[in-house]
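Enquirer: Residue numbers (the numbering used here): 32 to 178. The beta-carbon is built from N, C-alpha and C at its ideal position, and this holds for glycine as well. These numbers were taken from a predicted model, which means no experiment stands behind them.
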Ligand code: DQA
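Here's what the structure looks like:
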């Protein structure tokens, strides 16, 4: 099982960027925590981060052979129909992740272009949002439909 983990703008600065909102963990810390959990679950993770919308879209297209996607599109969550279209185009189950509880923040962060095209959102649990998304996607990809 292969899962693509994609992070958008400004998430390369995690650990330094507004730690009272996003936590003290760097993106590398989060990727290591995910890798450790993925090993327990037998999942191969592919990581990508970019500050550019087009690069994020190209990376989603380039990982369409994966089994699922975990995406934190950062502020593009609230602006990018193009990233939503990319997720639809690759037709993979996807989970939208946010470190912060976007629904408890400014109104501009309440709307997500991704929400209608993903399986679900995990928001507000800091780095644990990513770990929860990993477990949820693993469950979905391994579960047998009830008879
Ligand atoms: C974020 C929330 C977004 O509103 C913000 O623009 C980010 C990070 C989060 O993980 O909480 O860059 O996606």
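May I ask you to verify whether the region 84-91 touches the region 52-63, counting CB pairs closer than 8 Å and requiring at least 3?
Expert: Counting Cβ pairs under 8 Å, fewer than three are found: no touch.
Enquirer: Rounding to the nearest angstrom, what Cα-Cα distance links residue 138 and residue 109 in this structure?
Expert: Your numbering for residue 138 matches position 107 in the chain shown. Your numbering for residue 109 matches position 78 in the chain shown. Cα-Cα distance, rounded: 10 Å.
Enquirer: Tell me whether residue 127 is buried or exposed, calling it buried when 16 or more other Cβ atoms sit within 10 Å of its Cβ.
Expert: Within the chain shown, residue 127 is the residue found at index 96, counting from 1. With 16 or more Cβ atoms within 10 Å of its Cβ, residue 127 is classed as buried.
Enquirer: Tell me, which residues are paired with residue 38 by DSSP?
Expert: The residue given as residue 38 occupies position 7 in the chain shown. For residue 38, which the question treats as bridged, DSSP gives the partners 80, 103.
Enquirer: Within its chain, find whatever has a CB closer than 8 Å to the CB of residue 151; leave out the 5 residues flanking it on each side and keep chain order.
Expert: For the purposes of this step, residue 151 is taken as residue 120 along the chain shown, with counting starting at 1. Result list for residue 151: 126, 127, 167, in chain order.
Enquirer: Output needed for residue 72: all residues of its chain with C-beta closer than 6 Å, excluding positions within five of it in sequence on either side, in chain order.
Expert: The residue labelled residue 72 in the question sits at position 41 within the chain shown. Result list for residue 72: 169, in chain order.
Enquirer: Using 8 Å as the threshold, is the region 33-49 in touch with the region 142-151, meaning 3 or more CB pairs across them?
Expert: Counting Cβ pairs under 8 Å, fewer than three are found: no touch.
Enquirer: Would residue 8 pass as a contact of residue 165 if the rule is Cβ separation under 7 Å?
Expert: Outside the displayed span of the chain (32 to 178) sits residue 8, for which this structure offers no information.
Enquirer: Hey, how far is the Cα of residue 70 from the Cα of residue 130?
Expert: Residue mapping note: residue 70 aligns to position 39 of the chain shown, counting from 1. Residue mapping note: residue 130 aligns to position 99 of the chain shown, counting from 1. Spanning the two alpha carbons is a distance of roughly 22 Å.
Enquirer: Whole beta strand (DSSP E) runs in the region 110-144 with 3 or more residues, listed along the chain?
Expert: Whole beta strand (DSSP E) segments, 3+ residues: 125-129.
Enquirer: I'd like to check one pair, residue 114 with residue 37: are the Cβ atoms closer than 7 Å?
Expert: Residue numbering aside, residue 37 sits at position 6 when the chain shown is read from its first letter. Residue numbering aside, residue 114 sits at position 83 when the chain shown is read from its first letter. Their beta carbons are not under 7 Å apart, which means residue 37 does not touch residue 114 by this criterion.
Enquirer: Put residue 151 into one of helix, strand or coil per three-state DSSP.
Expert: For the purposes of this step, residue 151 is taken as the residue at position 120 of the chain shown. Strand, per DSSP.
Enquirer: Just to confirm, are residue 121 and residue 154 a CB contact at a threshold of 7 Å?
Expert: Walking along the chain shown from the start, residue 121 turns up at place 90. Walking along the chain shown from the start, residue 154 turns up at place 123. No; because the gap between Cβ atoms is not below 7 Å, this pair is not in contact.
Enquirer: Would the beta-carbon of residue 130 be found less than 6 Å away from any heavy atom of the ligand DQA?
Expert: Working through the chain shown from its first residue, we reach residue 130 at position 99. Because some heavy atom of the ligand DQA lies under 6 Å away, the Cβ of residue 130 counts as near it: yes.
Enquirer: Whole angstroms is fine: what's the gap from residue 202's alpha carbon to residue 161's?
Expert: Residue 202 lies beyond the stretch modelled for the chain, which goes from 32 to 178, so this question has no answer here.
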